[in-house]
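Numbering (my numbering), first residue to last: 1 to 59.
In this text, a Cβ means the ideal position worked out from N, Cα and C, and glycines have one as well.
Just so you know, these numbers come straight off a predicted model, no measurement behind them.
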Ligand SMILES: [Zn+2]
């Protein structure tokens, strides 16, 4: 299956900082862990994977 925005080892997500909202590429290994946005340096928790492995990016 083709996954345009998500690879097998990384996930695309938006920075939760409303003043940033950058599209971040986060390794799937960071799921459920704390990561830091390289743009605004906000530390946030990466959501756990959902049942579908092909979830669309949150807008
Ligand atoms: Zn950010």
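Endpoints, beta strand (DSSP E) assigned at residue i
i          : result
residue 34 : 34-36
residue 42 : Looking at the DSSP string, residue 42 is not in any beta strand (DSSP E), and its letter there is neither H nor E.
residue 27 : 23-27
residue 14 : 10-14
Rounded straight-line distance, which links the Cα of residue j to that of residue i
i          : j          : result
residue 20 : residue 12 : 15 Å
residue 44 : residue 25 : 14 Å
residue 42 : residue 17 : 7 Å
residue 32 : residue 14 : 15 Å
residue 49 : residue 38 : 22 Å
Beta-carbon separation (whole angstroms), residue i vs residue j, contact threshold 8 Å
i          : j         : result
residue 28 : residue 9 : 6 Å
Item checked: For review: beta carbons within less than 6 Å of any heavy atom in ligand 1 -> 15, 17, 20, 22, 37, 39, 40 and 42
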